[in-house]
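Heads up: the structure comes next, in structure tokens.
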Amino acid sequence: MARITPAEAGERTGPGAEAVLLDVREPDEWTQGHAPGSVSFPLSALTAGGDLPVAARHRPLVVVCRSGVRSRDAVALLTARGLDAVDVVGGMRAWTREGLPSVREHGNGGPTA
30 MARITPAEAG ERTGPGAEAV LLDVREPDEW TQGHAPGSVS FPLSALTAGG DLPVAARHRP
90 LVVVCRSGVR SRDAVALLTA RGLDAVDVVG GMRAWTREGL PSVREHGNGG PTA
């Protein structure tokens, strides 16, 4: 399984990049803080056989969760589907420790810094 650092994930998924950062945490975790431009797709939806969100289809996937456990599971499922997916080592915890940007959702669903 391919694994990359949060900094590498940021480079691969930044503005104009081909890859998308796929966040497999649950919705309540997502609203507490996620990487700008990332796409939410909970592991529970993936394990239930759900289709990828439109924004993540036909693109390389960089998969993140809170600590790196669920993202590894997700990468295994995604690669079994024949998709190009890599895991972010350490998840969003490592992402924030490295000082990479994150946004929170407030009551109306809009982002806040």
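Residue numbers in the sequence shown follow this note's numbering, run continuously in steps of one, and reach 142 at the last position.
From the three backbone atoms N, C-alpha and C, an ideal C-beta is built for every residue, glycine too.
This one's a predicted model, so the numbers in the text were calculated from it and none came from an experiment.
Contact check for Glu-127 against Pro-35 passes: the beta carbons are separated by less than 8 Å.
The closest CA to that of Ser-73, considering only Ala-103, Val-49, Gly-120 and Arg-110, is found on Ala-103.
Judged by DSSP in its simplified three-state form, Glu-134 adopts strand. Within the same chain, and ignoring the five residues on either side of Gly-62 in sequence, the residues whose Cβ sits closer than 8 Å to its Cβ are Met-121, Thr-125, Ser-131, Val-132 and Arg-133. Nearest to Arg-101 by C-alpha distance, out of Thr-76, Gly-43 and Asp-80, is Thr-76. Its Cα nearest to that of Arg-54, the residue Arg-99 stands out among Arg-41, Leu-90, Arg-99 and Asp-80.
Beta bridge pairing from DSSP links Val-83 with no other residue.
One Cα belongs to Gly-39, the other to Ala-109, and the distance between them is close to 24 Å. Ala-123 and Val-92 do not touch by the CB rule: their CB atoms are close to 13 Å apart, not below 8 Å.
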